Every structure is written in C-alpha cells, then in structure tokens.
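Here the structure comes first, spelled out in structure tokens, and everything after it is commentary.
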Amino acid sequence: MLAFVLRRLAQALLVMLTVGLIAFALFRYVGDPINNLVGQETSLAEREALRERLGLNDPFFVQYARFLANAARGDFGFSYIYRRPVAELIAERLPATLELSFAAALLALLVGIPMGVYTALRRRGVLAQGFMMVSLVGVSIPTFLIGILLILVFGVLLRWLPTFGRGEVVELGWWTTGLLTVSGLKALIMPAVTLALFQMTLIMRLVRAEMLEVLRTDYIRFARARGLKSRTIHFGHALKNTLVPVMTITGLQLGSIIAFAIITESVFQWPGMGLLFVQAINEVDIPVMAAYLMLIALFFVIINLVVDILYYLVDPRLRADRAVAHGHG
Amino acid sequence: MTAVGAEPLLRVEDLRIVFASRRGELVAVDGVSFAIARGEVLGLVGESGAGKSVTGAAIIGLLDPPGRIAGGRILFEGARIDHLPEEELRRLRGRRIGAVFQDPLTALNPLYTIGRQLVETMRTHLDIGAAEARGRALRLLKEVGIPAAERRFDAYPHELSGGMRQRVVIALALAADPALVIADEPTTALDVSIQAQIIALLKRLCQERGTAVLLITHDMGVIAGAADRVAVMYAGRIVEIGPVAEVLLAPKHPYTVGLMGSIPPLGRKVERLMQIEGSMPRLHEIPPGCAFHPRCPHMRPRCREARPEPVTVGPGHHAACWLFAEEGPDGRA
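Chains as they are written, first to last, in the numbering used here: chain P, -1 to 327; chain S, 16 to 348.
Written out as structure tokens, the structure is:
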C-alpha cells in the first residue's frame, strides 16, 4: 500500500513539473509581460531596467527553476492588473469556487446514483423511461443555457432566488463561506444546479449502464439462487461492483467541475476563480493564468490520487500483496 | 427409488418453457416430466441447447426473460412452486433448494470474503446470530474440504483456486440445509483432475444429509459416477429416463445408443467410434414428429408424423420412441 502511494506521488510530481513547464512557457511566449506592466510613454531604457529587475533576461532554466521554487511556496508573483500577489487573489476566490463545486458534485452524486440504480432496476418503468429522457436533455443542453433558463424562471419570473452573486458570506479565518447564511444558501442553489445537471445525468447514465452489466453477471444470479433479499443484492452486491468505474468518472468529473465552473461563474457572476481566470485571459494577466493552471492541475492530481486509494479500499483484487500470502489450495 | 405411493420431493409434470423472440415463440422445453425422490440423485444429460439448464432454472424460478414457463406444473414437497410470487420463491431458494453453478470463477462476488457470503446466506434463511453463523460457516468450509478454514474464511474469491472456489459454491448451496440441490454443470469449468473430486464431494455431502440432487451435465462419466437415475434430453424433450446402470449399459432410444457409442470404451480397442450423423436442431427448426428422426438410423414414416410418447421398456425405464410403441422392446433392427 505504502509503495503504491509513493509511486503515485512520484507520478503526481512529474505531472506537476510538466504543467509547471507549460505554465512557465506562458510567461515567455504569450506576449511581452513588460508591455502589460508599463504605460505607452515608458522609454526603452526604463523597460530594459524593469526587465533586468524582474529577472526576465536570465537564462531559461534559471527562470524556470525560480518559477518552480516560487510556485512551490505558493508565490506566483504579482497580478499585472490588480497589482496584488496572485496567491492572495486566488485565496480570496478559492472558497467560492470550491463551495460551488463541492455542492454541485454532491448534488450530482446524491441524485445521480439513486436515479441510475432506479432506472436500471425498473428498466421498462414509465418513470425510469422519463428519467432517461430528461437525462438526454441534461446531457445535450449547454450549461450556460440551463443557467440562463433557470435565471429567467426562478430569478426573473418567480423571483424566488437571487440571479447573481454569492449572497452574504461569513468569514472563518481566511475562508469565506456562503453556507452559513440564508441568502448565501439561496444564492448557491441555481449555480450549483446548473453546474451539477450535466454531471448528474452523466453519473445516472453511467450507474445505470454499469448496474445493467453487473445484474447480468453470474454472481448476481448466484446471489439470487442463494435466496438473498433483492435489496441486499441490488444495493450490496450489485451497486458495490459498479463503484470502481463510477469512482473513476466521478473523480475526473469533480476535477472538471472545478476547472470548468468558469461558464457557470460567468453566467451567475459568481465571485470564484473561474471568473478571475476569464478576466485574466481578457487582460493577458499571465501570472494569474499560470497560477490557475497549476492549481487546477494540482486538484486533478489530488483527486486522482484519492480515487486510486479508494480503488484499493473497494476492490480486494487490487490488493495484490494479500493474494500471495494466501496462495492456492 | 420412489416408494410406491410416497410423494416424491420434486415432481415436474409436462413442463413447457418458451422464449419469446422475433420469430415467434421458441419452445426450449416441451412436455418434460420427471420426479426426484428424497435423497436421490437424478442426472439430466444432453447436448448444449437440449434444455437441461433452463429446466433447472425454471425449478428455482430463475428463468431469465424472455424465457417463461408456458405450461405444466412443478411440485416441490407436494406444493406447486411454478408461478409462486417472487418473495415466496426467494424464501425457497437457498433454504429448501440450493444451487451449484457451472463456473466457480464467476459465481462468487469478487468484493466480499467467502466467509461473509456464507454468513449472509445462512442469516438470510436461518434465525441465527452472527457468531453462530460464523461457527457453522467454518464447520461447513471444513466439511467441503477447505484446508485452514479459519484463514480462508476471510479470503476473497480471487485468492482461491477454481477447485477451492467450487467447494465454496457447494458450501453456499448447502448453507441452509436444503432438501434439493440443483447442480448445473458443476464440473465443466474445472480442471479434469479436480472434476472427480468435486463430484465425489457433492455426492458424499448430499448422501450424508439426505439431500436430493438434480445433476445437470453433458458428461456421461459424471452421471455414471454420481447419479442413481438418469434422464436423457434431446431438443427440449426427455427421450429416455431410467436407472443409471440400465440406461448406460442397455440404452434403448437410438439417440442414447448413439451417445453411448460415441464414448471410447476402456480396455478394448475399437476401430471407429460410433457417430450420430448431423447435429441437434436449433430451437426454431425442430422437426415435427420425433425431433430425432432426421438423424435416426431406424427412422420410419411414422416418426415424421407423430411424436412418440414415453413407453416402459424396463423396470422404471422409459423411452420415447416408436420402435418400442409399435413392436415392444425387442423389435429393434
């Protein structure tokens, strides 16, 4: 187990170094950062001085190493636009994005898995067929359209929910949370639903397909021949066997929820990292873009690591070291 | 053998199983009747597709759609069990009728330890606590010949060999002390060297407990070694049924004669093994009359027109063939 985790950590490090290289390449090859820092009336000599002062004339590897060393400490330099440390900007925005993403992921799982199980068990039922049709809509309508439709119905026509922002937030140390106020929770509903809808339908369809597959297996037939109760068979034996693929996809999807909250955050003016990133692209604010890239990569790496460890816990066949100890009889 | 007047453990009467398909209904099993006495081992032999396994599945109510019982009756301990509500069937399965499946590599849930699967089965059917179930499970594992049962109790299926897993499957089938075990090709997926052990184990355990067995196989050797009586199926019908020694040594139906002739005898050299020409018809092209007539060396006009009913050809020995209906047991060419 330890060797396995260490191996995975080494792989994760390699991924981060590669992403770091790409992020660093942004500085060198996307525009000239000096142009973004100074006004039109700055002289060439002043520009050169600034370039020297920022270390932009150093050799490539020196700059890359410096970038990595700083990044490892969470220092991504100053935003060209806000003139503030990037780490500070991101720390401000991170709670909003994470709360939105986890709310969406939780919603997708808590609704998607039961619906997947239900549609698999009552394959020909009217309700199950209805779910499948709705899920098709969920998969095919683009996120921004769902967001806009929700705003139109619940924000503009019914006036039940706020149409933008995060509502009131409470500060817990450096973390700001909207989960502790009524207005914060109300503001969370529509963005979370918008962000969750696609994942929810995806998880539902995945669980359904996996369940149908598992229900056909010999061990489920044998479990029935042993006279076990349907509930035990469906939710114990069958569902547990669908978990490995579901975990894989859900893990990757959680990563994309965080990374692609951008669209939802734009539609709902949600003050998260996605919104920061979109502004950064518009303004060619490279330190922010680089930091965002690194952070998202880090999330993916962490999620994948957690999923790998979960495999280990769920599927005894992956714990190869045990098999040797028992041998064959 | 069933004593006269005593109710057999299981009685199948005129069973008909059909599969709905685009070409209409395919008849997989047609007019099958047999009985199993308490503690008796009945072998059910035939080629793939003869209807052996669906017969077994129908008895425990595990026919997969689109298959369904379209006619006949199945009586277990004197009560009808075909068309029972699912919940009542479930209480019967595992409790009164156990099952052994063909492939031990796929019959066990890979994510649960074998001990957990045993305890789960026992506690579903018997009113016992966790500790008692564990004790029973350990005893059962020892009985089916699993060495170091305490250690294996917490093993996952993938940690055991195929033969060991089939022993676990047998333990699972016997977990709640059923009166009947349906063993569907219990040795087919196993190594030849292990097959005999598993059959001997199944036979011994059932004998000790007085458990009857419906032993479904295509292997005549398995039947010869384990069964009391044997029923031979061809294209969804039983063509011959009788005591195992009679059917194997003095087969009456031309199909059984062909089957026996295709097995190489020990200790004596034969130039050519007998071979039945052609192959068993598929479900949608079963010919009228006797289904075997296109391949039968003794075919006569009548075989094409009407289906022969089983006639008695010896004590407890029946064959469904016009040869005997017309001329008696000795009228063969």
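Just so it is clear, CB atoms sit at the ideal spot from N, CA and C, and this is done for glycine as well.
Please read all numbers here as calculations on a predicted model, not as lab measurements.
- Residue-level contact check: Y310 of chain P does not touch chain S, since none of the beta carbons of chain S fall below 8 angstroms from its beta carbon.
- The beta-carbon of L226 of chain P is placed less than 8 angstroms from the nearest beta-carbon of chain S.
- One alpha carbon belongs to R110 of chain S, the other to I84 of chain S, and they sit about 22 angstroms apart.
- Scanning the segment 39 to 79 of chain S from its first residue to its last, the whole alpha helix (DSSP H) runs of 4-plus residues come out as 67 to 74.
- Among the CB atoms of chain S, none fall inside 8 angstroms of the CB of T240 of chain P.
- Short of 6 angstroms from the beta carbon of D283 of chain P, and not among the five residues preceding or following it, lie these beta carbons of its own chain, in chain order: S77, Y78, I79.
- By alpha-carbon distance to V33 of chain S, the top candidate from S:L298, S:H313, S:V326, S:M314 is S:L298.
- Rounded to the nearest angstrom, the gap between the Cα atoms of G64 of chain S and L148 of chain P is 57 angstroms.
- For the C-beta of T136 of chain S, the chain P residues within less than 8 angstroms are, from N- to C-terminus, R224, G225, L226.
- Looking from the CA of G225 of chain S, the closest CA among S:I75, S:G54, S:P330, S:L195 belongs to S:G54.
- Counting the other CB atoms within 10 Å of its CB gives R222 of chain P a total of 16 or more, which places it among the buried residues.
- In terms of Cβ geometry, I260 of chain P and V276 of chain P form a close pair [threshold 8 angstroms].
- Under the rule that a run must span 4 or more residues, the alpha helix (DSSP H) segments found entirely inside the segment 39 to 75 of chain P read 42 to 51, 58 to 70.
- If you look at S176 of chain S, you'll find it isn't in any beta strand (DSSP E); DSSP assigns it neither H nor E.
- Nearest CB-CB separation between H232 of chain P and chain S: not below the 8 angstroms threshold.
- Put simply, the CB of T117 of chain P is far from chain S, with every gap to its CB atoms at 8 angstroms or more.
- Under a 10 Å Cβ-count criterion, H98 of chain S is classified as exposed, with fewer than 16 other Cβ atoms of the shown protein chains found around its own Cβ.
- CA-CA distance, A43 of chain S to G251 of chain S, rounds to 5 angstroms.
- Counting every other CB atom within 10 Å of its CB across the protein chains shown gives Q132 of chain S a total of 16 or more, marking it as buried.
- Neighbours of D313 of chain P in chain S, taken as residues whose beta carbon is under 9 angstroms from its own, are P125, L126 in chain order.
- Beta-bridge partners assigned by DSSP to S36 of chain S: S:G39.
- Beta-bridge analysis with DSSP links L195 of chain S to S:I112, S:A227.
- Contacts with chain S at 8 angstroms (Cβ-Cβ) include D216 of chain P.
- Annotated three-state conformation of M248 of chain S is strand, per DSSP.
- Interface annotation for the segment 108 to 120 of chain S against chain P: R108, G109, R110, A114, F116, D118, criterion Cβ-Cβ distance under 7 angstroms.
- When S:K67, S:R38, S:L24 are compared, the shortest CA-CA separation from D45 of chain S is found for S:K67.
- With contacts defined as CB atoms closer than 8 angstroms, G177 of chain S and P119 of chain S qualify as a contacting pair.
- For E169 of chain P, no alpha helix (DSSP H) encloses it; the enclosing beta strand (DSSP E) starts and ends at 168 to 170.
- A straight-line Cα-Cα distance of about 10 angstroms links G72 of chain P and I88 of chain P.
- In summary, the residues of the segment 179 to 197 of chain S whose CB is separated from some CB of chain P by less than 7 angstroms are M179, L187, in the order they occur in the chain.
- Cα atoms of I197 of chain S and M(-1) of chain P: separation of roughly 42 angstroms, rounded to the nearest angstrom.
- Taking the CA atoms as reference points, L250 of chain P sits about 29 angstroms from L125 of chain P.
- When DSSP states are grouped into helix, strand and coil, A265 of chain S belongs to the coil group.
- In this structure, the beta-carbon distance from E200 of chain S to I231 of chain S falls below 8 angstroms.
- For L96 of chain P, the three-state secondary structure derived from DSSP is helix.
- I300 of chain P counts as exposed, since fewer than 16 other beta carbons sit within 10 angstroms of its beta carbon.
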